[in-house]
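Participant: The structure's right below; bear with me while I get my questions together.
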Amino acid sequence: MRTLRQIIAVTGLNLRSIPSRLGTSFVIIIGIAGVVAVMTALLSMSAGFEATLAATGRPDRVIVLRGGATDELSSVLYREQGTLIVETPGIRKDAAGKPVASAELYMLTDVIKKSSGGPSNVIVRGVPSHVWQVRDEARLIGGRHLQAGRREV
């Protein structure tokens, strides 16, 4: 019985002091909500990035980078190295016996925007004319296929 009276007394004291703790309580609630929102956003971005990587990879395709490179932009392979890679056993061959591989140049360049006249970074990928054999999911929706030696974009 004594324990029950103590519980009631402490609960009553807490309920009567709510108006004096309202500001502090709201700050704590808003802080916790902010932390939950940031954590949810980070976990959502992580899950989206993971899903993108899982959906874009293919078991029959390899991208070769130099040692220590973390992405295509920071990787440099020389022509001789590219030739060695293309001639490596295990590289798929087409009907004529040529390797189905594409040595590509990947770089950032500045292009002037028509709307604002200011510069904009654009990724340009230099590819050989047989790139359609390697990247069979790519589709040309306008214009014509590349022609070797024309220096066209």
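So the sequence shown is numbered by the working numbering: it starts at 2 and just counts up by one.
Quick reminder that beta carbons are idealized off the backbone N, C-alpha and C, glycines included.
For clarity, every value in this text was computed on a predicted model and none was experimentally measured.
#1: Does DSSP put T110 in a helix, a strand or coil?
#2: State buried or exposed for N102, treating a residue as buried only when at least 16 other CB atoms are found within 10 Å of its CB.
#3: So does the segment 28-42 actually touch the segment 63-70, counting three or more Cβ pairs closer than 8 Å?
#4: Which full runs of the alpha helix (DSSP H) of 4+ residues lie inside the segment 22-68, going along the chain?
#5: Going by C-alpha distance, which of I142, G143, T25, K99 is nearest H131?
#6: Throw me the rounded Cβ distance for the E105 and R126 pair, which I believe falls under 8 Å.
#7: Can you check whether the CB of V65 is closer than 8 Å to the CB of L78?
#8: With I124 as the anchor, note down where its beta strand (DSSP E) starts and where it stops.
#9: Which whole-angstrom value describes the C-beta separation of L74 and L109, a residue pair presumed to lie in contact below a C-beta threshold of 8 Å?
#10: Do V112 and V128 have their C-beta atoms within less than 8 Å of each other?
Facilitator: Result, derived from the coordinates:
#1: Note: T110 maps to strand in three-state DSSP.
#2: Sequence check: residue 102 is Ala here, not Asn. A102 is buried by the Cβ-count criterion.
#3: In short, these stretches do not touch, since the Cβ pair count stays below three.
#4: Within the segment 22-68, the complete alpha helix (DSSP H) segments at least 4 residues long are 23-57, listed from N- to C-terminus.
#5: Nearest C-alpha to H131: K99.
#6: With a beta-carbon spacing of about 6 Å, E105 and R126 fall inside the 8 Å limit used to define contacts.
#7: Using a Cβ distance threshold of 8 Å, L78 and V65 count as a contacting pair.
#8: Per DSSP, the continuous beta strand (DSSP E) segment holding I124 begins and ends at 120-127.
#9: Contact flag correct, Cβ pair sits at about 7 Å.
#10: Not a contact, by the Cβ cut-off of 8 Å.
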